[in-house]
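Working notes for the structure below.
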Amino acid sequence: MNHSFVPPWMATAGDGNVSFAGVHQLPDSDNDGPLVLWFNQTWNSLLDRIGDDNVTLYVGFLTVYTYSFFWLVGGLFVLMDLTNWPAALRKYKNQPGANEPLEWSRCKYLIKVVLRNQFLYGIPTTYFGFALRKLVFFEPPNPRILPTLPIVFRDLLFCIVFWEITFYYSHRLLHSSYFYKRVHKKHHQWSAPVAWAAMYAHPFEFIISDLLPVYVGPAIMSSHVLTFVVWFTFVMMDTLVDHSGYHLPVLGSSEMHDYHHLKFNQCYGLFGWWDGLHGTDSEFRKKKQYQRHHRIFSLKSARELVPEH
18 MNHSFVPPWM
28 ATAGDGNVSF
38 AGVHQLPDSD
48 NDGPLVLWFN
58 QTWNSLLDRI
68 GDDNVTLYVG
78 FLTVYTYSFF
88 WLVGGLFVLM
98 DLTNWPAALR
108 KYKNQPGANE
118 PLEWSRCKYL
128 IKVVLRNQFL
138 YGIPTTYFGF
148 ALRKLVFFEP
158 PNPRILPTLP
168 IVFRDLLFCI
178 VFWEITFYYS
188 HRLLHSSYFY
198 KRVHKKHHQW
208 SAPVAWAAMY
218 AHPFEFIISD
228 LLPVYVGPAI
238 MSSHVLTFVV
248 WFTFVMMDTL
258 VDHSGYHLPV
268 LGSSEMHDYH
278 HLKFNQCYGL
288 FGWWDGLHGT
298 DSEFRKKKQY
308 QRHHRIFSLK
318 SARELVPEH
């Protein structure tokens, strides 16, 4: 299939075929070290099992991987909420007393809503997005030819910035009076969120604010499927931690997004960059939560390090 548009990050080979800049690390090269060779062989063994078909990889494989990660890792946080165990981790709660324990009836309804979103809206959106990507841009890279690390980092950097910008403005839109009462209010039923509440949303919000800002970045960059895996892992971990209700050591801080759920009209972005630009974190910066908003490398909780009084 010929495409009239070739993005600037692509190179055109002498035979007229589009090649992907930086995607040239061939398996079993004599110049590759043992770790690279092992990774290439492991990756190709995985492809031998699941196949090279792009629909299988970009729709089936990525969907199974991402949703499995969501339920398994998010489930560790939710299990702590349901059982109040281990007791030693209760001190890391952002809002002590909230969801301690989480009511099972409320959890069951949350699971129902999230499963509906994933299967009725998430999978079709993923397939449509993949088809549109092929139509607008080009065929995805050869899955067996791995990208170089600089290309992976380039793609991830673009995706992070794109995610922050698009999520911020779509989130601000959802907080307009029209969309808030009709759409976004559902997500804010969780004023003290739990990890699985990350996908507890109206279908419209789930598509335009949860899925598209994450999917479009790597699609624009024509990222390799392995880069998608790395990107989706980062996104899932960041989103689950943000909604977990916990500020655990080593993991990133959830204080900013937790404060958004508590107060509604502050901190619309993901990393605070666009909130700082637009001044939508001015009240947050006056609060104790802002002083606690950093990665902890200590067994002390954020509330112990920055007491309420």
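Residue numbers (the numbering used here): 18 to 326. Note that CB positions come from ideal geometry on N, CA and C, so glycine has one too. All figures in this text were calculated on a predicted structure; none of them were measured in a lab.
Which same chain residues end up closer than 8 Å to residue i when comparing Cβ atoms and leaving out the 5 residues on each side of it in sequence?
i	result
V323	K305, Q308 and R309
V76	I140, T143, Y144 and F147
E321	K108
P103	M97
P118	D98, L99, T100 and N101
On a CA-only basis, which of the options is nearest residue i? Give me that one, please.
i	options	result
S208	H260, G289, P118 and V246	H260
L287	E181, A218 and L228	E181
H378	F170, Y138, F179 and Q112	This structure cannot settle anything about residue 378, because the visible part of the chain is limited to 18 through 326.
L229	T143, F175 and I313	T143
Y329	F175, T59 and H204	Since the first residue shown for the chain is 18 and the last is 326, residue 329 is missing from the structure and cannot be characterised.
V178	R189, S85 and M238	M238
M97	E120, M273, L132 and C284	E120
T250	L63, I67 and W88	W88
W213	N61, F86 and L63	F86
V267	V130, H188, L132 and S318	S318
R150	S193, S240 and F136	S240
F175	W55, W248 and S62	W248
V211	L64, A105 and V131	V131
I162	E325, H295 and D69	D69
T83	D65, F94 and F136	F136
Considering only residues of the same chain and omitting the five flanking positions on each side of residue i, which have a CB-CB separation below 6 Å?
i	result
D45	Confidence at D45 is low in this model, with a pLDDT of 44, below 50, so the placement of that residue is unreliable and no value is reported for it.
F22	A caution first: F22 carries a pLDDT of 40, below 50, which makes its placement in the model unreliable, though a value can still be read off. Taken in chain order, the list of residues that qualify is empty.
R189	Y285
D47	With a pLDDT of 49 at D47, under the threshold of 50, the predicted position of this residue should be treated as unreliable, and no value is reported.
In chain order, what residues of the same chain lie with their CB nearer than 7 Å to the CB of residue i, ignoring the 5 residues before and after it?
i	result
L191	Y197, V200, H201, E222 and S226
P220	N134 and Y138
G269	D255, V258 and R312
S187	I225, S226 and P230
E325	K305
V81	none
Is the beta carbon of residue j closer than 9 Å to that of residue i?
i	j	result
N116	R107	no
N71	P164	no
F245	L79	yes
T73	I67	yes
W290	T297	no
V252	P158	no
A215	G91	yes
G293	K110	no
S299	Q283	yes
M273	F314	no
> Is the region 223 to 235 close to the region 266 to 280, with three or more CB pairs under 8 Å?
Replying inline: no
> Would the region 114 to 129 and the region 160 to 176 be scored as touching if the rule is three or more Cβ pairs under 8 Å?
Replying inline: No, because fewer than three Cβ pairs between the region 114 to 129 and the region 160 to 176 fall closer than 8 Å, the two stretches do not touch.
> Can you list the alpha helix (DSSP H) stretches of 4 or more residues lying completely in the region 114 to 182, in chain order?
Replying inline: 121 to 133 and 140 to 153
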